[in-house]
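These notes are about the structure you will find just below.
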Amino acid sequence: MKRTIDKLPATFPYIFKAFVEGRRPPERTTWFENLERWSQKAGISPKVNPKTPRKTIESWMLKAGIPEIEIYSRQGHDPITSLRHYQSLSLITK
Numbered sequence: 011m012k013r014t015i016d017k018l019p020a021t022f023p024y025i026f027k028a029f030v031e032g033r034r035p036p037e038r039t040t041w042f043e044n045l046e047r048w049s050q051k052a053g054i055s056p057k058v059n060p061k062t063p064r065k066t067i068e069s070w071m072l073k074a075g076i077p078e079i080e081i082y083s084r085q086g087h088d089p090i091t092s093l094r095h096y097q098s099l100s101l102i103t104k
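Counting in my numbering, the sequence shown runs from 11 upward without gaps.
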């Protein structure tokens, strides 16, 4: 599945603030179960997994011009892992 980011949503500043300053997210198992249930209810296939929202926020951060070092540091990645995540990402500007 190819991921693209057309433009940042108007809610990005709020999402990003909550992501950076928010409380600790739910445990991975709980998050996976919730995402699976929500995906099924919404008819999304393939199902969303716990990494999908994380990668989306990383992509928004990249599109917003946040330095890559801040993105991969925040996510616990080293530069090589970060490059693997973003090398196939299509950023479309309109």
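The beta carbon of each residue, even a glycine, is placed where N, CA and C say it ideally should be.
Quiz item: Y24: which of P60, W70 and R34 sits nearest, CA to CA?
Solution: W70
Practice problem: Could you check the C-alpha separation between S83 and Q50 for me, to the nearest Å? | Solution: 33 Å
Quiz item: Which residue from D88, A20, I90 and W41 puts its Cα closest to that of R64?
Solution: W41
Quiz item: Where do the N-terminal and C-terminal ends of the alpha helix (DSSP H) with I67 fall, by residue?
Solution: K61 to K73 is the span of the alpha helix (DSSP H), which, as asked, contains I67.
Quiz item: Q122 by DSSP, collapsed to three states: which one?
Solution: The structure shown has nothing for residue 122, since the chain only spans 11 to 104.
Quiz prompt | Environment of E68 [buried if 16+ CB atoms lie within 10 Å] | solution = buried
Quiz item: Cβ of R38 within 8 Å of Cβ of P56?
Solution: No, Cβ-Cβ distance for R38 and P56 is not below 8 Å.
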